[in-house]
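At position 21 of the sequence shown (counting the first as 1) the number is 21 in full-length UniProt numbering, and the numbers step up by one without a gap. This report refers to the structure that appears directly beneath it.
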Amino acid sequence: MTARASDLDPAIARQLKRDGSGLFPAVAQQYDSGEVLMVGWMDDEALHRTLTTGRATYWSRSRAEYWVKGDTSGHVQWVRSVALDCDGDTVLVQVDQVGPACHTGTRTCFTGRELQVGGARPLQPPAVNPTPTPPSTPMSMPAVAPAPTTGAPR
1 MTARASDLDP AIARQLKRDG SGLFPAVAQQ YDSGEVLMVG WMDDEALHRT LTTGRATYWS
61 RSRAEYWVKG DTSGHVQWVR SVALDCDGDT VLVQVDQVGP ACHTGTRTCF TGRELQVGGA
121 RPLQPPAVNP TPTPPSTPMS MPAVAPAPTT GAPR
């Protein structure tokens, strides 16, 4: 891929670090839940189009063309915000996703694709407000029965 002319603001373009093909990854995230939906590729022109149209636009490496998410499927990504990471080599595109983000029909491109870590199955996310569990009594210590109560119940 060769560099294409772009109307991207030069101040933004100066901050970007691109690979040898002029591309950088774009992480699409659901703006209100923080859910990571997909990762696509952009160049300066795709970023310019994304910023000016409010629709996520990517560069297809396999087809060597721009594609606007949802033009074919109807599963549009309405852009809410775009941010550069601290190194300038990745952009975060916060979107309002309409329908599934993945071409396979799943909500995200990561659904059902979890890898095992350390031979264990992936953990379920913790409960929002888990109830603390008191520490268990050590095996070497006998359990102590509660003291009998006298008088009227409280």
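Positions of the beta carbon are idealized from the N, C-alpha and C atoms, including for glycine.
Do the region 98 to 117 and the region 43 to 60 make contact, defined as three or more Cβ pairs closer than 8 angstroms? By the Cβ rule, the region 98 to 117 does not count as touching the region 43 to 60, because fewer than three pairs are nearer than 8 angstroms.
Got a sec? Which residues, its chain only, sit under 7 angstroms from Asp96 by beta carbon, not counting five neighbours each side? Contacts found: Tyr31, Trp78, Arg80.
Rounding to the nearest angstrom, what Cα-Cα distance links Arg14 and Gly88 in this structure? Inter-residue distance for Arg14 and Gly88 is about 9 angstroms (C-alpha atoms, whole angstroms).
Cβ-based burial, Asp43 [other Cβ within 10 Å; buried from 16]: By the neighbour-count rule (16 or more Cβ atoms within 10 Å), Asp43 is buried.
Secondary structure at Arg80, three-state DSSP: helix, strand or coil? When secondary structure is reduced to three states using DSSP, Arg80 falls in the strand class.
Quick check on the DSSP output: the alpha helix (DSSP H) that includes Glu35 runs from which residue to which? Per DSSP, Glu35 lies in no alpha helix (DSSP H) segment and is marked neither H nor E.
Looking only at its own chain, which residues have a Cβ that is under 6 angstroms from the Cβ of Arg55, when we skip the five neighbours before and after it? The beta carbon of Arg55 is closer than 6 angstroms to those of Val68 in its chain, skipping five residues each way along the sequence.
By DSSP, does Asp96 sit in helix, in strand, or in coil? Strand at Asp96.
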